[in-house]
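The structure appears below as structure tokens.
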Amino acid sequence: MTLHQLFTGDLNLLQRFIDALPVQCFVKNVHNQMVLINQAGAHMLGSTVQAVRGQSLATWFDAEQMARIAAQDKQVYAQSKTLHFEETLWDAQHAQFLRSVTAKTPVFDAQGQPQFVIGLMIDVTGQKALEAQTTSELQLLELLATNTPLTDLLEAYAHSFEFNFSGVMCSVLLIDPDGLHLRHGAAPSLPKAYCDAIDGSAIGPAVGSCGTAAFTRQAVIVSDIARDPLWQDYRDLALSHNLHACWSVPILSTKGRLLGTFANYHLQPRSPQPQELQAIQRSAYLLGLAVEHHHIQQDLLRQETALRESEARYRTLVEWSPEAVAVHRAGVIAYVNTACVKLLRANSPADLQGKHIIDLLHPDDRARGLARAQQAMESGVAAPLIEERLLRLDGSIVEVEIQSTAIVYDGAPAVYVVAHDLTKRHEDQETIHHLAFFDALTGLPNRRLMLDRLQQALASAARKQLFGAVLLLDLDNFKQLNDLLGHNMGDALLQQAAQRVLGCVRKSDSVGRVGGDEFMVLLDTFASSASQAAQYTETVAQKILAQLAEPYTLAGKSYTSTSSIGAMVFMQGSENRDSVVKHADAAMYQAKAAGRNTVCFFDPAMQAQAVARAEFEQDMRDGFDQREFTLYYQIQVDSQSQIMGAEALVRWRSAKRGMVSPLEFISLAEENGMILPLGQYVLEAACAQLVDWAQQPATAAWTVAVNVSARQFAHVNFVDNVVMALQKTGANPLLLKLELTESMLLKNVEAVIAKMNAIKALGVSFSLDDFGTGYSSLSYLKLLPLAQLKIDQSFVRDLLTDPNDAVIARTVVALGHSLGMRVIAEGVENAAQRDLLASMDCDAFQGYYFGRPVPPENIPLFL
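Residues are numbered in the numbering used here as their position in the sequence shown, beginning at 1, plus a constant of 236.
The structure is reproduced here in structure tokens:
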């Protein structure tokens, strides 16, 4: 078979080829209809390959995005070559976005007319968010370094943040001097009328997102302004400007003093993605440094202004100034204040008076400093601010910001100098760097730094031919402490725990906080064998375990906590970083499962189990692609023992594993999301079977019951999927019955009822499966548009021997009939059970007594 025959003869093979690609891949025609798409691309759209193929992109993208796509396609066709486009894509609800780089290649027909576009898309959301955040922080530091006015700085940073995170509108509110209200600081994209309306809003427990965040000193995330009670007094104002979500974080000083709030507004209801929330919190801290720096600068300017008011007041004001002040004439110091004495580490003013300024200037700054002094003396105007280095009397160096101006001192011209110590500013800059790599609460390295050190440890182990070890430990029942005693007590315990762990390791080892109550320890075992390394690691882990089990003193009270530790010894270069962390994490959860307060080493059997699960999952996906899944049917009969229909039951006849029980793959499909395409297949196959039955008079009236999973029912497109299955097959909706379980109906009952009514309007009916085994409630049962109740087989099994089961069955039948529903019993295995249920007026039956699940061709037409 030639390659041409291979592709033209088997579209499924081509689909398998593109499904193997790790990036999103698609082929669309000039009408923006999807011709081919791989699973990664369909997943990005929140759909399946089958559902996307043949559909227009307008199904998933709004008009603005469609216009942008059309412009890109036009450019690709015009240039007749592959072009790359970087863009931001939103989902249908405009609630989640991703940033991507898409390579588009044009395909022309034999006449040279545009025919298709082939696309490859790579998700660069995380990378771009990190780059953008770093750029914004550097820009903020540059603005701080150049003393940009606060208003301009806030506006610039808000613009930068909005550019980095598409669709956001930033707002910075600053605390009013009265400490009770918030004032406008910056909001480049918010409507001016809205900004004017909230300018001066109060700080309180239910004053929108910002007023509440300022009051509680905690982040306030409001995903839907229309529904959140915090916005009761401001809801109409916000909605009138089309503002539907607001996430606000307090801006605090380095000492915890409230400075304002930083908020993100959105035009649609939505919650923040992790990278957005992290960026907002970091931005609030950086803005706190900027506002605090502004306050310091304002204080400095006010002090200098006061000093210039009159020479008579200079000495009094300057002497008490927190800034260093000196007066020199012809370079010889005539006066210094107390702050200057302290700054230059002199014992008294006499140590500095009479000295020439050249003795206090750093050698590299002397020429510039003398020139500035001469300029100020000759011009009589203030010299601009400049940074210089001064030599203290003890030989150390201090960096200062110098302001010089000419004055008359003791009746003669002189130069008045104010020096602002930049030590605090540099400490703030170091703090910003510290926040990137260290945990603010405990001061320990954070996850980012610990993973970097682990990578270095792995390289060192390979180079030195030695073993290393990693410990992952989790504080047991920490959430309970937080809930009972509050976050302040939880933070105090974390700080004490961090110090205890540090006390158990050597200085060459690393301890970091990598999660809420999780710590990581990297050990340099200096061992050349795995057994030696494991022995040393066990010793350290037991020591940590004992220390963390000692009572803690929190707010004067004793509290006991334990920990669970997972250990992993890594060999010379045989493990990568991610696998080491994964193995240690698995061992930690094994320790928790073993009763907590213990240490567990990673067991290869755990890995084997994980690998087996991964292989099983891949076999499932391959089996689905290769159409190994099929439907069996178990007949349902009426009170006259006439077949009235059947329940569709999915089976997997694996080429590799043989017949696989649904108990093995259904729960896994729920976890990994395969239940969505699998459930849609079952729905469409059952509808196709209805069409086949309709061709024969004996089976034309048969119904088919299809089980719907919780995840499938909750999917936003479930109603559309039912419609698609009916339209695709041409099945009679009156013969389709969807079986739901009680647990699926308990959350958001109003939405559930609305979805059921939309499907019922199509003619499809509903049956409540396993009735009585969940949290049965008449309050919701009477509201649901149900046509049938199904008595669970657990009640039918002991119906003849357990009076309680008989009473339950009789009650379900009576309840169903009183609510206008039919009742069917499942699990009927003998005639006695059937007869007793019939005596209770049960309408229909299902079970091995009538027939086991079989392929459709094996179903008898009559009993």
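Where a beta carbon is used, it is the ideal one built from N, C-alpha and C, also for glycine.
Task: K1026, DSSP secondary structure in three states - done: Position 790 of the sequence shown, counted from the start, is the residue given in the question as residue 1026. DSSP places K1026 within a strand segment (E or B) once states are collapsed to three.
Open item on the list: By alpha-carbon positions, which one of V651, G909, P969 and V896 ends up nearest to C923?
Closed with: Position 687 of the sequence shown, counted from the first residue, corresponds to residue 923. Comparing Cα positions, the closest option is P969.
TODO: In the DSSP assignment, find the unbroken alpha helix (DSSP H) run with E749 in it and report its ends.
DONE: As a working mapping, residue 749 is identified with position 513 in the sequence shown. The residue asked about is misnamed: residue 749 is Arg in this sequence, not Glu. Careful: R749 lies outside any alpha helix (DSSP H), inside the beta strand (DSSP E) at S746 to R749.
Open item on the list: Going by beta-carbon coordinates alone, are I638 and R625 separated by less than 8 Å?
Closed with: Numbered from 1 along the sequence shown, position 402 holds the residue referred to as residue 638. Numbered from 1 along the sequence shown, position 389 holds the residue referred to as residue 625. No, Cβ-Cβ distance for I638 and R625 is not below 8 Å.
Task: Range of the contiguous alpha helix (DSSP H) that encloses N724 - done: The sequence position of residue 724 within the sequence shown is 488, counting from 1. It spans H723 to L738 - the alpha helix (DSSP H) in which N724 sits, taken as one unbroken run.
- [ ] Kindly indicate which three-state DSSP category N265 falls into: helix, strand or coil?
- [x] Taking the sequence shown and counting its residues from 1, one reaches residue 265 at position 29. In the structure shown, N265 sits in a strand (DSSP, three-state: E or B).
Task: C-alpha distance - F1086 paired with A990, whole-angstrom precision - done: In the sequence shown, counting from the first residue as 1, residue 1086 sits at position 850. In the sequence shown, counting from the first residue as 1, residue 990 sits at position 754. Taking the straight line from one Cα to the other gives about 36 Å.
Open item on the list: So for D1006, helix, strand or coil by DSSP?
Closed with: What you label residue 1006 is simply residue 770 of the sequence shown in a count that begins at 1. When secondary structure is reduced to three states using DSSP, D1006 falls in the strand class.
- [ ] Could you give the DSSP three-state label for A328: helix, strand or coil?
- [x] Taking the first residue of the sequence shown as position 1, residue 328 is located at position 92. Residue placement at A328 is flagged as unreliable, the pLDDT there being 46, under the threshold of 50; the coordinate-derived value follows with that caveat. In this structure, A328 counts as coil in the three-state DSSP scheme.
Task: Within the segment 636-721, ranges of the alpha helix (DSSP H) (whole runs, at least 4 residues) - done: Segments of the alpha helix (DSSP H) lying fully in the segment 636-721: 659-673, 683-700 and 714-721.
Task: Whether Y430 touches H502 by CB criterion (8 Å) - done: As a first step, residue 430 is located in the sequence shown; it is residue number 194 there, counting from the start. As a first step, residue 502 is located in the sequence shown; it is residue number 266 there, counting from the start. No. Outside cutoff.
- [ ] Return the chain-ordered list of same chain residues with a C-beta closer than 6 Å to the C-beta of G1052, the five sequence neighbours on each side being excluded.
- [x] Taking the first residue of the sequence shown as 1, we reach residue 1052 at position 816. If we look at G1052 and ignore the five residues flanking it on each side, its Cβ neighbours are L1025 and V1059.
Task: Under 8 Å between C-beta atoms of L976 and F954 - done: Looking up residue 976 in the sequence shown gives position 740. Looking up residue 954 in the sequence shown gives position 718. Pairing L976 with F954 gives a Cβ-Cβ distance that is not under 8 Å.
TODO: Identify every residue that forms a DSSP beta bridge with D359.
DONE: Locating residue 359 in the sequence shown gives position 123, where the first residue counts as 1. In DSSP, D359 forms a bridge with S336.
- [ ] Alpha carbon to alpha carbon, how far is V835 from M842? Give it in angstroms, no decimals.
- [x] Reading the sequence shown from its first residue, position 606 is the one you call residue 842. Reading the sequence shown from its first residue, position 599 is the one you call residue 835. Note that M842 has pLDDT 48, beneath the 50 cutoff, so the model's placement of it is unreliable and the number below is only indicative. Between M842 and V835, the C-alpha separation is close to 15 Å.
TODO: Below 8 Å on the Cβ atoms is my guess for Q514 versus A481; work out the distance and round it to an integer in Å.
DONE: Position 278 of the sequence shown, counted from the first residue, corresponds to residue 514. Position 245 of the sequence shown, counted from the first residue, corresponds to residue 481. At roughly 17 Å, the Cβ-Cβ gap does not stay under 8 Å, so Q514 and A481 are not in contact.
Task: C-alpha gap between R1070 and D1034, whole angstroms - done: Numbered from its first residue, the sequence shown carries residue 1070 at position 834. Numbered from its first residue, the sequence shown carries residue 1034 at position 798. Cα to Cα, the separation comes out at about 12 Å.
Open item on the list: Does R628 pass the burial test, meaning 16 or more other C-beta atoms within 10 Å, or should it be called exposed?
Closed with: Taking the sequence shown and counting its residues from 1, the one referred to as residue 628 is at position 392. Classification for R628: exposed.
Task: Secondary structure of N943, DSSP reduced to three states - done: Mapped onto the sequence shown, residue 943 falls at position 707. Reduced to three states, the DSSP call for N943 is strand.
Task: Check: F852 C-beta below 7 Å from any heavy atom of the ligand SAH - done: Inclusion of the ligand SAH in the displayed structure is not the case, the ligand content being empty and no account of it being possible.
- [ ] State the beta-bridge partners of L494 as determined by DSSP.
- [x] Within the sequence shown, residue 494 is the residue found at index 258, counting from 1. Per DSSP, L488.
Open item on the list: Among the candidates A937, L981, S396 and Q963, whose CA atom is the shortest distance from the CA of T370?
Closed with: For the purposes of this step, residue 370 is identified with residue 134 of the sequence shown, where counting begins at 1. Residue S396 is the option with its Cα nearest to T370.
Open item on the list: Taking a contact to mean a Cβ-Cβ separation below 8 Å, would you say Q347 touches V266 in this structure?
Closed with: Position 111 of the sequence shown holds residue 347. Position 30 of the sequence shown holds residue 266. No. Outside cutoff.
Task: Nearest candidate by alpha-carbon position, reference L1022, set S1054, D1041 and A582 - done: Residue mapping note: residue 1022 aligns to position 786 of the sequence shown, counting from 1. Selected option, being the one with the closest Cα: S1054.
TODO: Tell me whether the beta-carbon of T387 lies closer than 8 Å to the beta-carbon of A422.
DONE: Counting from one through the sequence shown, the residue named residue 387 turns up at place 151. Counting from one through the sequence shown, the residue named residue 422 turns up at place 186. A contact, by the Cβ cut-off of 8 Å.
Task: Extent of the continuous beta strand (DSSP E) to which Y562 belongs - done: On the sequence shown, residue 562 is found 326 positions in, with the first residue counted as 1. First, the residue type needs correcting, since residue 562 is Ala and not Tyr in the sequence shown. Here the beta strand (DSSP E) through A562 covers A560 to R565.
Open item on the list: Between which residues of its own chain and A827 is the CB-CB distance below 8 Å, once the five residues before and five after are set aside?
Closed with: Stepping through the sequence shown from its first residue, residue 827 is reached at position 591. Correct list, in chain order: S800, I801, G802, T834, V835 and C836.
- [ ] Report the rounded CA-to-CA distance for G679 versus Q701, giving the unit in angstroms.
- [x] Along the sequence shown, read from residue 1 onward, the residue named residue 679 stands at position 443. Along the sequence shown, read from residue 1 onward, the residue named residue 701 stands at position 465. It is roughly 32 Å from the alpha-carbon of G679 to the alpha-carbon of Q701.
- [ ] With G754 as the anchor, note down where its beta strand (DSSP E) starts and where it stops.
- [x] Within the sequence shown, the letter at position 518 stands for residue 754. In the sequence as presented, Gly is not what sits at residue 754; that position holds Glu. Segment E754 to A763, the beta strand (DSSP E) holding E754.
Task: Given 8 Å, three or more beta-carbon pairs between the segment 616-623 and the segment 573-593 - done: no
Open item on the list: Can you look up R1108 in the DSSP assignment and give me helix, strand or coil?
Closed with: This structure cannot settle anything about residue 1108, because the visible part of the chain is limited to 237 through 1099.
Task: Assigned secondary structure, H530 (DSSP; H/G/I helix, E/B strand, else coil) - done: Numbered from 1 along the sequence shown, position 294 holds the residue referred to as residue 530. Correct three-state label for H530: helix.
Open item on the list: Spatial neighbours of F949 within its chain, please: C-beta separation below 6 Å, excluding the five flanking residues on both sides.
Closed with: Translated into the one-based positions of the sequence shown, residue 949 becomes position 713. If we look at F949 and ignore the five residues flanking it on each side, its Cβ neighbours are M980.
Task: Sequence-distant residues of its chain with Cβ nearer than 7 Å to G447 (five each side left out) - done: Working through the sequence shown from its first residue, we reach residue 447 at position 211. Within the same chain, G447 has close Cβ partners L418, S437, A438, I439 and G440.
Task: Closest by C-alpha distance to Q301, when choosing among G290, G726, E323 and A287 - done: Locating residue 301 in the sequence shown gives position 65, where the first residue counts as 1. Closest by alpha carbon: E323.
Open item on the list: I'd like the list of long-range same chain contacts for I487, defined as Cβ closer than 7 Å, with 5 residues on each side in sequence excluded.
Closed with: Numbered from 1 along the sequence shown, position 251 holds the residue referred to as residue 487. Taken in chain order, the residues that qualify are L495, G496, T497, F498, A520, L523, G524 and V527.
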